[in-house]
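The block underneath contains the structure these notes are about, expressed in structure tokens.
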Amino acid sequence: MKKLLLFTLLFFSFSLSAQIPSFDKIEMLYAQGHYKLVYRKANLLLDKPDFDFSLIPSFYKSLSLFQLSQNEVWLNRHPEALVEARELFLKVIKSKDGTKIFEAHLNEVVFLKNDINAWIEDLKIQGKTKEANEFQTAIVGLFDKIPSIDKQGEIKNSDFSKETTVSSKQRNEIVEYAKKQIGVPYVWSGVDPSGFDCSGFTGYVFKNFEKSIPRRAVDQENQSVKVKQKNAQKGDLVFFDNGSGVSHVGIIVSEKGAPLQMIHASSSKGVIITDITQSDYWLQRIYSFGTYVE
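The sequence shown begins at 5 in the numbering used here and counts up one residue at a time.
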């Protein structure tokens, strides 16, 4: 009973935070090329039931296995590494959240694809046909929809990015619909164009797209799929904390990577667009980012 309570509390605390420190750490280590550390930490996370709610440990274990397997000495010591890396990769991409995970970490996967293909070519040049074939077999079908890198080092378009067309179209429609409400006055507990409060506004907009989200801002945050700030984009939600918990919510209208802007029901001006990056007030109160867009 105590274990169940502990798990429930841990899961609830995770859902309230924008980021999970253990996942941030493993992502940072991977970006720095510490693949052995990533492999070990991913294994530790996979051994903890508290993290069963996420496939991020499996994702990074797969990536680290592919990277480590390019070291022939390491691969000889771990002969099943490529098979396990493939199984984990498929487990993640075939999951219901697989596309979201790969979209959020597309750069890592794109450069992994590039590294593996370059390694296979090097093995062929060295006359190591058996080793090259082992790698080729391990990645069959895994990277078909993952973009490649062109000669300028830029990521090319691919079938993978085409899968997000519906999502992108809906994001634009959500923002355009929200903009039609600009000028509607702020009304406490307002949920329609006669007057909105902040969460009444977001709920009204998403209801138009057959997305039923909770009434209160704090509950909208709790039930949203968490998004890191660097990945936040049009149609996602940004939540604010005034010191006593989540107390305000807005809809992002800026593109991913662009200066952060939101449309929201301001208590002083009604529905307006605000450039968060130009407002110390809002910047200092950002709590988290979440999405209800599939």
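Positions of the beta carbon are idealized from the N, C-alpha and C atoms, including for glycine.
Note that the structure is predicted; figures quoted are calculated from it, not measured.
Task: Under the three-state DSSP convention, the category V42 falls into - done: Three-state DSSP puts V42 in a helix.
Open item on the list: Based on DSSP bridge pairs, tell me the residues matched to A269.
Closed with: BP columns for A269 point to V275.
TODO: Over the uninterrupted alpha helix (DSSP H) stretch that includes F63, give me the two end residues.
DONE: From DSSP, the alpha helix (DSSP H) with F63 extends over 60-72.
Task: Straight-line gap, G204 to D196 (C-alpha atoms, nearest Å) - done: Their backbone Cα atoms lie some 7 Å apart in a straight line.
Open item on the list: In the DSSP assignment, the beta strand (DSSP E) including Y291 goes from what residue to what residue?
Closed with: First-last of the beta strand (DSSP E) with Y291: 290-295.
Open item on the list: Only counting the same chain, and skipping five residues up and downstream in sequence, which positions put a Cβ closer than 6 Å to that of D51?
Closed with: There are no such residues.
- [ ] Going by CA-CA distance only, name the one from K40, S198, E91 that's closest to W78.
- [x] If you compare the alpha carbons of K40, S198, E91 with that of W78, the shortest gap goes to K40.
Open item on the list: Measuring straight from C-alpha to C-alpha, what distance separates W192 and I60?
Closed with: Looking at the backbone, the Cα of W192 and that of I60 are separated by about 40 Å.
Task: Beta-carbon proximity of G254 to V242, cut-off 8 Å - done: V242 sits close to G254, with the two beta carbons spaced by under 8 Å.
Task: Candidates P83, F293, S258, Y291, of which the one nearest N176 by Cα - done: Answer by Cα proximity: S258.
Task: At least three beta-carbon pairs within less than 8 Å, the region 89-100 to the region 66-76 - done: Yes, the region 89-100 is in contact with the region 66-76.
Task: N4 versus F57 - alpha carbon distance - done: Past the edges of the chain, shown from 5 to 298, lies residue 4, and the structure says nothing about it.
Task: Short Cβ contact (8 Å threshold) for I267 with K184 - done: Taking 8 Å as the Cβ cut-off, I267 and K184 do not qualify as a contacting pair.
Open item on the list: Distance check for S26 and L33, CA to CA, integer angstroms please.
Closed with: Approximately 11 Å, taken between the alpha carbons.
Open item on the list: Checking the sheet assignment: what are the DSSP bridge partners for D245?
Closed with: DSSP lists V250 as partners of D245.
Task: Alpha carbon of W123 to alpha carbon of V42, nearest angstrom - done: Between the alpha carbons of W123 and V42 lies a distance of about 20 Å.
Task: Same chain, Cβ closer than 8 Å to F210, neighbours up to 5 away in sequence not counted - done: Correct list, in chain order: I178, S216, I217, Y296.
Open item on the list: Taking the beta carbon of A142 as the centre, do at least 16 other beta carbons fall within 10 Å, making it buried, or is it exposed?
Closed with: With 16 or more Cβ atoms within 10 Å of its Cβ, A142 is classed as buried.
TODO: Determine the direct distance from the alpha carbon of G294 to that of K128, and round the result to whole angstroms.
DONE: The straight-line gap from Cα to Cα measures roughly 45 Å.
TODO: Identify, in the order they occur along the chain, each residue of the same chain with its Cβ nearer than 7 Å to the Cβ of T168, setting aside the five sequence neighbours on each side.
DONE: Residue placement at T168 is poorly supported in this model, since its pLDDT is 49, which falls under 50; the coordinates are not used for a value here.
- [ ] For A35, count neighbouring Cβ atoms within 10 angstroms of its own Cβ and tell me buried if that reaches 16, exposed if not.
- [x] With fewer than 16 other Cβ atoms within 10 Å, it is exposed.
TODO: Put G204 into one of helix, strand or coil per three-state DSSP.
DONE: G204: helix per DSSP, three-state reduction.
TODO: Please go through the same chain and pick out, in chain order, the residues whose beta-carbon is closer than 7 Å to the beta-carbon of G247, but skip the five residues on each side of it.
DONE: Hits under 7 Å: none found.
Task: Beta-carbon spacing of L287, I280 below 8 Å - done: Yes, Cβ-Cβ distance for L287 and I280 is below 8 Å.
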